[in-house]
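Here is the structure we will look at.
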Amino acid sequence: MNKHDVSKYIDLLHRRTFILLHSGIDWKPEYETELQQINQELDLLRSLVDQEHSRKVRNNLPNVAS
16 MNKHDVSKYI DLLHRRTFIL LHSGIDWKPE YETELQQINQ ELDLLRSLVD QEHSRKVRNN
76 LPNVAS
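Okay, structure coming up:
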């Protein structure tokens, strides 16, 4: 997983969270389409995240998120 992948993953999570937390009564139909697209991209990137976690475990590297 390179820096671009990490940045994209974080940006997608941020946008998804923003939509879910701030839309409320101002929900727009286009949010549903955007959320579906975001979820698809996150699913693709999630496999890279899992691979990176596995690599760190195999190499006994500390997990920075902990």
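Under my numbering, the first residue of the sequence shown carries the number 16, and numbering increases by one thereafter.
Just so it is clear, CB atoms sit at the ideal spot from N, CA and C, and this is done for glycine as well.
This one's a predicted model, so the numbers in the text were calculated from it and none came from an experiment.
Out of the options, state which residue places its alpha-carbon closest to the alpha-carbon of residue i.
i, options, result
"D26", "E45, S62, N54, W42", "N54"
"D20", "I40, G39, P44, L57", "L57"
"K18", "L60, N75, E45", "L60"
Skipping 5 residues on each side, what residues in its chain have a beta carbon closer than 7 Å to that of residue i?
i, result
"S62", "none"
Report all residues from its chain with a CB closer than 6 Å to the CB of residue i; omit the five preceding and five following residues, and keep chain order.
i, result
"M16", "L63, E67"
"Y24", "L60"
Can you confirm whether the region 18-33 touches the region 48-68 when touching is taken to mean that 3 or more C-beta pairs between the two stretches lie within less than 8 Å? yes
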